[in-house]
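Position one of the sequence shown corresponds to residue 170 (the numbering used here), numbered consecutively onward.
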Amino acid sequence: MNAIENVSRRGFLKVAGITSGTFVLGMNLPIASAQAKSSAAGLSHELNFFVSIASDSMVTLVCHRSEMGQGIRTSVPQIIAEELEADWQKVNVVQAKADAKYGSQGTAGSASIRSHFTSIRQIGAVARDMLEQAAANIWQVQRNSVEAKNHYVVHTATGEKISFGELASHAAKLTPPDSSKVKLKNSADFSLIGKDVKLVDLDNIVAGKAQYAQDIQLDNMLIATIVRPPVVGGSLVSFNANDALKVKGVVDVIALKPRSIPVTTNPLSGVAVLANNTWAAMEGRKKLKIKWQDGEKASHNSSEFIKQLAKQVNQQGETVAKKGDIYSHKYHDKNTIEATYTVPYIHHAPMETPAATAIVKGKKCTIWAGTQNPQWAKSNVAKELGLGKEE
Numbered sequence: 170m171n172a173i174e175n176v177s178r179r180g181f182l183k184v185a186g187i188t189s190g191t192f193v194l195g196m197n198l199p200i201a202s203a204q205a206k207s208s209a210a211g212l213s214h215e216l217n218f219f220v221s222i223a224s225d226s227m228v229t230l231v232c233h234r235s236e237m238g239q240g241i242r243t244s245v246p247q248i249i250a251e252e253l254e255a256d257w258q259k260v261n262v263v264q265a266k267a268d269a270k271y272g273s274q275g276t277a278g279s280a281s282i283r284s285h286f287t288s289i290r291q292i293g294a295v296a297r298d299m300l301e302q303a304a305a306n307i308w309q310v311q312r313n314s315v316e317a318k319n320h321y322v323v324h325t326a327t328g329e330k331i332s333f334g335e336l337a338s339h340a341a342k343l344t345p346p347d348s349s350k351v352k353l354k355n356s357a358d359f360s361l362i363g364k365d366v367k368l369v370d371l372d373n374i375v376a377g378k379a380q381y382a383q384d385i386q387l388d389n390m391l392i393a394t395i396v397r398p399p400v401v402g403g404s405l406v407s408f409n410a411n412d413a414l415k416v417k418g419v420v421d422v423i424a425l426k427p428r429s430i431p432v433t434t435n436p437l438s439g440v441a442v443l444a445n446n447t448w449a450a451m452e453g454r455k456k457l458k459i460k461w462q463d464g465e466k467a468s469h470n471s472s473e474f475i476k477q478l479a480k481q482v483n484q485q486g487e488t489v490a491k492k493g494d495i496y497s498h499k500y501h502d503k504n505t506i507e508a509t510y511t512v513p514y515i516h517h518a519p520m521e522t523p524a525a526t527a528i529v530k531g532k533k534c535t536i537w538a539g540t541q542n543p544q545w546a547k548s549n550v551a552k553e554l555g556l557g558k559e560e
């Protein structure tokens, strides 16, 4: 497969017949209405679809959420493949780029499957339905007399079958069914969902072949390391970079914009040292002389905060669900055992070193980043550079 359609309309599903015979299915979450397209026009090499079936029957599935160690890069395609009736051994998985056409790409709260399980299933079910309809058309039989099974569509009466690859170009010419009405598989028939499958990126991770943001190497690339305010919400008063600039390899030292609280998805402020190698950037960082204004959070006391939490635990809180009466039993049951457990602030620290690489050429910026929300990262960079989100 050497050409992929640019699936660009938000909220729509498109099917394109590519000159190579590839079937491309792009779909948003949450899924809306459907629209078909069987033209080779407007081709690009961006992987902006969810399902693609090549003429050799190889299926490519896209994961639109960030892999954070819980296996989401495997589970999203696994669910699609289940409904598609794809042979898992003939499935290739690619990571989606930051694009609103995928719906929300924010990965947090273990919500990717919990919130979108049905929608993800529908992606595979729609593609399966179109392949089945294509086979019925070829055999000139009733739609309900065929069914997809393990990478083929089978005519149940005769046992005759056609591979997904052979059906791809035919399916591409059909109008997609309404995703909300397409039939989903009975859970008793699942062969992939709920089953152990090998993580799609396991081999590369174990062998050290997986590429992370910090692995990107570009010509004439500068390395930046940043000194942050010691207190959240703190601000820069002044800095002296004279000694830092004397370090061989240090190119520049710049102050980052102050940011308002809450920081949430906004980048933190600080002072950045830019150098042509990592060692120089780190050495230059050590030699900075910085004066900070700590701000109102400087008086925050963790011990006092824990006491406040403990006090609130013993008060009746807001009721969001009620079954029985915990307060009437808590202090009267002779067998009550009480214990208080506290933990310090938990660092939101990934095993992957937080890093990002970016290159700007003209009015185009390309970013590689370890991020839970690529669309937010894209929007922030676009805002800073004065570019449109699609640039």
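Quick reminder that beta carbons are idealized off the backbone N, C-alpha and C, glycines included.
Could you check whether residue j and residue i sit closer than 8 Å to each other, using their CB atoms as the reference points?
| i | j | result |
| --- | --- | --- |
| S548 | G464 | no |
| Q291 | S356 | no |
| V425 | V442 | It is worth fixing the name first, because residue 425 is Leu in this sequence and not Val. It is not a contact, given that the beta carbons lie outside the stated cut-off. |
| A317 | L353 | no |
| V420 | L391 | yes |
| V482 | G439 | no |
| K530 | E560 | no |
| I289 | I248 | yes |
| D298 | V351 | yes |
| I282 | S338 | no |
| G418 | A444 | yes |
| D370 | A379 | yes |
| Q264 | N542 | no |
| A450 | A393 | yes |
Which word fits residue i, buried or exposed, when buried means at least 16 other C-beta atoms lie within 10 angstroms of its C-beta?
| i | result |
| --- | --- |
| L300 | buried |
| G363 | exposed |
| S221 | buried |
| L230 | buried |
| I423 | exposed |
| A296 | buried |
| H469 | exposed |
| A341 | buried |
| T540 | buried |
| A490 | exposed |
| Y510 | exposed |
| S235 | buried |
| A255 | buried |
| K512 | In the sequence as presented, Lys is not what sits at residue 512; that position holds Val. Flag for V512 reads exposed. |
| P345 | buried |
| L270 | First, the amino acid is wrong: residue 270 is Lys here, not Leu. Burial call: buried. |
| N411 | exposed |
| A467 | exposed |
| N217 | Residue confidence for N217 is low, a pLDDT of 34 falling below 50, so the modelled location carries little weight and cannot support an answer. |
| H517 | exposed |
Could you pull out every residue in the same chain whose Cβ sits closer than 7 Å to the Cβ of residue i, ignoring the five residues on either side in sequence?
| i | result |
| --- | --- |
| S332 | S226, H320 and Y321 |
| T522 | Q383 |
| L361 | Q247, A250, E251 and W257 |
DSSP on residue i, reduced to helix/strand/coil?
| i | result |
| --- | --- |
| K480 | helix |
| I475 | helix |
| L457 | coil |
| A393 | strand |
| K352 | coil |
| T229 | strand |
| L556 | coil |
| N470 | coil |
| Y510 | coil |
| F286 | helix |
| V295 | helix |
| A441 | strand |
| K411 | The amino acid at residue 411 is misidentified as Lys; the sequence shows Asn. DSSP places N411 in helix when its eight states are reduced to three. |
| S221 | strand |
| I515 | coil |
| K492 | coil |
| I249 | helix |
| A201 | Only weak support exists for where A201 lies, its pLDDT of 35 falling under 50; the coordinates are left without a value. |
| T535 | strand |
I'd like the list of long-range same chain contacts for residue i, defined as Cβ closer than 8 Å, with 5 residues on each side in sequence excluded.
| i | result |
| --- | --- |
| N261 | M227, V228, T229 and L230 |
| Q311 | A305 |
| I515 | none |
| I506 | none |
| M237 | T276, P519 and Q541 |
| A551 | C534, G557, K558 and E560 |
| T287 | L353 |
Can you find the residues in the same chain that come closer than 6 Å, C-beta to C-beta, to residue i, ignoring five residues on each side of it along the sequence?
| i | result |
| --- | --- |
| K460 | V406 and S407 |
| L253 | G293, A296 and R297 |
Kindly give me the distance between the Cβ atoms of residue i and residue j, rounded to whole angstroms, as I take these residues to be in contact under 8 Å.
| i | j | result |
| --- | --- | --- |
| Q302 | L343 | 6 Å |
| T526 | I385 | 4 Å |
| A267 | Q544 | 5 Å |
| E452 | V416 | 5 Å |
| I536 | A546 | 6 Å |
| S224 | G328 | Contact flag wrong, Cβ pair sits at about 24 Å. |
Quick one: is residue i near chain C, going by C-beta distance under 8 Å?
| i | result |
| --- | --- |
| E553 | As a matter of chain content, chain C is missing from the structure shown, which is built from one protein chain. |
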